[in-house]
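To convert, note that position 87 of the sequence shown is 70 in this note's numbering; the numbers rise steadily by one, no gaps. Written below as structure tokens is the structure these notes are about.
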Amino acid sequence: MKQKIKFSYYSLIITAVVIILFIAGIFSLLGNADKLILFCLIIGTATIAGLYFCPTSVDASKSGVTLHRLLSKSKIFPYDTIQKVDACYPSAGGLRLCGSGGFFGYWGYFSDIMIGSYFGYYGSRNNCFLVKMKDGKQYVIGCDNAVAMVDYIMLQMNK
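Shown next, in the form of structure tokens:
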């Protein structure tokens, strides 16, 4: 079962605004080479990090759950390492410890009162599921139909 990551309007707007601000910053620094080089390094680092972690789709097969990302290799969660999976809704009031709160989606380390600390890969907070690993790590992954994905994963884990 494969599901695409759907990005919220907020995430799309934040990404567009940040890119526009990057371009405006470049034009404003055209006369100052030292600051322009530093600014371009910051832009490059932020954009590459965003593209590296940006989630694109999630695929649950007979062997495990695979999270596909834009520039980096896929992250695989074998079923024998998963303790629990459940639908969830990350709160807007959760703390982003390190990562993105809308630039190329939501990705990075977050802390939430209801969920606890987790690494997130989602485009919208509306359709997410929580993967609790046996080693204690937690991942929140978003996709078009999170409830159907949770049902499919649970069915595969119970086989």
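Beta carbons are placed, not taken as given, at the ideal position from N, Cα and C, and that holds for glycine.
By DSSP's criteria, residue i is part of a beta bridge. Which residues make up the other side?
| i | result |
| --- | --- |
| residue 68 | 114 |
| residue 52 | 38 |
| residue 102 | 92 and 122 |
| residue 59 | 49 |
| residue 157 | The question about residue 157 has no answer here: the residues shown for the chain are numbered -16 through 142. |
Please go through the same chain and pick out, in chain order, the residues whose beta-carbon is closer than 6 Å to the beta-carbon of residue i, but skip the five residues on each side of it.
| i | result |
| --- | --- |
| residue 121 | 101 and 115 |
| residue 12 | 18, 19 and 22 |
| residue 58 | 50 |
Would you mind giving the Cβ-Cβ distance between residue i and residue j, rounded to the nearest angstrom? I have them listed as a contact below 8 Å.
| i | j | result |
| --- | --- | --- |
| residue 79 | residue 91 | 6 Å |
| residue 123 | residue 111 | 5 Å |
If you draw a straight line from the C-alpha of residue i to the C-alpha of residue j, how long is it?
| i | j | result |
| --- | --- | --- |
| residue -9 | residue 19 | 32 Å |
| residue 64 | residue 4 | 42 Å |
| residue 31 | residue 109 | 26 Å |
| residue 28 | residue 133 | 34 Å |
| residue 95 | residue 103 | 11 Å |
| residue 1 | residue 106 | 16 Å |
| residue 14 | residue 26 | 18 Å |
| residue 151 | residue 6 | Residue 151 lies beyond the stretch modelled for the chain, which goes from -16 to 142, so this question has no answer here. |
| residue -2 | residue 83 | 10 Å |
| residue 142 | residue -16 | 16 Å |
| residue 36 | residue 45 | 25 Å |
| residue 125 | residue 56 | 18 Å |
Apart from the five residues on each side of it in sequence, which residues of its chain come closer than 8 Å, Cβ to Cβ, to residue i?
| i | result |
| --- | --- |
| residue 66 | 115, 116 and 117 |
| residue 227 | With the chain covering -16 to 142 only, the question about residue 227 has no answer from this structure. |
| residue 128 | -14 and 110 |
Looking at residue j and residue i, is the spacing between their C-beta atoms short of 8 Å?
| i | j | result |
| --- | --- | --- |
| residue 38 | residue -12 | yes |
| residue 139 | residue 16 | no |
| residue 71 | residue 113 | yes |
| residue -14 | residue 74 | no |
| residue 93 | residue 76 | no |
Excluding five sequence neighbours on each side, which residues of the same chain lie with their C-beta closer than 7 Å to the C-beta of residue i?
| i | result |
| --- | --- |
| residue 34 | 53, 54 and 87 |
| residue -7 | 85 |
| residue 136 | 43, 48 and 68 |
| residue 119 | none |
| residue -4 | none |
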